[in-house]
Amino acid sequence: MERFILQNFEFEKFHGLGNDYIIVNDLELQIPENKKAKLAEKLCEWHFSIGADGLIYVCDSQIAEIKMRIFNNDGTEAEMCGNGIRCFSKYIYEHNIIKSQEFDVETLKGIIHARLKLAEVEEVTSVEINMGEPILQCEEIPIIPDKNDSFECINEALPVLDKIFNISAVSMGNPHAVIFVDEQLDDNDLNKYGSAIETHKRFPNKTNVEFVKVISPHECTVRVFERGVGITNSCGTGSCASIVAGVILGKFKRGESVVVHNDGGDLIISFDGENVLMEGPVERVFIGQIKQLEF
């Protein structure tokens, strides 16, 4: 396979509640399609490179104002990422790629609407994202139905290793298995059960996994085992899926905001029965340059 060389390669690293992403401007770089996944693997390796949960490309769009493509650190392309799109939104505004404080972003999930909140110095401090409608149909998530006539999977028993979890399957453009618990899992159990559910045979494309503890109708904690990544400090789409499942099950109120405590910080999310709104902070970690990279 032909080698590809990048020279004087500029990048920026951002995080949304500890979920960290490297962002590159592919409008300028134009990384070959067959190299995009490999570059994500190379740059996101923590011990020998920059290290991140994923790599985001800023791309041209024919159907929206801009396009976001996001690759996990294992090289798989994700349909959507709530924390990632907030990082992306900050990047494109502060680089004058988009000059408006509201804009539409093309993703593999579809068109996502972003609205920026600025500090006095025109710095983006938080972003509100209209995540659109959740997907509940088994076939579209996808999850293999437990019964042939099952249309949705809500609060359904799933045997996993030595336990049985009640899962609710929700897609926010990417698949999620939401599980409500009385007490949050520690890291050992989150790894143990999260990885087993991620690769469970009922999820043909694997799944993200969220364990949710309800504190009140307006507050909860969420711990995440992210597909293709593992334990992460937060997950925007996972937090959204958790609120959707909670509203359906009557744990949260339709249309009312819920503070979602992730390990990395808080998101504010509401689901009115149609659209999911998510608001959360975003920060630039650092700016860097790689003199030469061959892969």
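Anchor point for the sequence shown: position 113 equals 117 in my numbering, and the numbering is continuous, going up by one each time.
All residues carry an ideal CB built from backbone N, CA and C; glycine is no exception.
Per the C-alpha coordinates, the member of Glu37, Lys40, Asp57, Leu31 positioned closest to Asp24 is Asp57.
Scanning Val251, Lys17, Ile35, Asn192 for the CA closest to the CA of Cys48 turns up Lys17. Per DSSP, Ile101 is not a residue of any alpha helix (DSSP H), being assigned neither H nor E. As the crow flies, the alpha-carbon of Ile168 is around 31 angstroms from that of Lys113. When C-alpha distances from Gly198 are compared across Ala181, His117, Glu32, Ala161, the shortest belongs to Ala181. Here Ile247 is near Ile273, since their CB atoms are less than 8 angstroms apart. Look at Val251 here: in three-state DSSP terms it is helix. Approximately 5 angstroms separates the beta-carbon atoms of Glu14 and Gln293; this is inside 8 angstroms, confirming the contact.
Between Val213 and Gly250, the beta carbon gap of about 16 angstroms keeps them out of contact (Cβ cut-off 8 angstroms). It is roughly 10 angstroms from the alpha-carbon of Glu287 to the alpha-carbon of Glu127. With fewer than 16 neighbouring CB atoms inside 10 Å of its own CB, Pro163 falls in the exposed class.
The region 261-277 and the region 174-189 do not touch, with fewer than three beta-carbon pairs separated by less than 8 angstroms. Counting only unbroken stretches of 4 or more residues, the alpha helix (DSSP H) elements lying wholly within the region 59-102 are 86-98, in sequence order. Between Arg73 and Glu83, the beta carbon gap of about 10 angstroms keeps them out of contact (Cβ cut-off 8 angstroms).
Bridge partners of Cys239 according to DSSP: none are assigned.
Partner residues in the beta bridge of Ile171, as assigned by DSSP, are Glu160, Ile183.
With contacts defined by Cβ atoms closer than 8 angstroms, Asn170 and Glu156 do not form a contacting pair.
For Lys121, the enclosing beta strand (DSSP E) starts and ends at 114-122. Linking Glu37 to Glu187 through their CA atoms gives a straight-line distance of about 44 angstroms.
If you check the CB distance, Gly86 and Asp267 do not come in under 8 angstroms. If you look at Lys40, you'll find it in the alpha helix (DSSP H) that goes 40-48. Distance check between Asp166 and each of Ser172, Ala41, Ala200 places Ala200 closest, using alpha-carbon atoms only.
In this chain, the beta strand (DSSP E) harbouring Asn212 covers 212-220. Going by beta carbons, Asp108 and Glu69 fall inside the 8 angstroms limit. Looking at the DSSP output, Val286 sits in no beta bridge, so it has no partner there.
By the CB criterion at 8 angstroms, Glu283 and Glu106 fall outside the cutoff. With respect to the 8 angstroms criterion, Pro138 and Ser175 are classified as neighbours on the basis of their beta carbons. In this structure Pro285 is in contact with Ser130, their Cβ atoms being roughly 5 angstroms apart against a cut-off of 8 angstroms.
Here the alpha carbon of Gly79 sits roughly 6 angstroms from the alpha carbon of Ala44.
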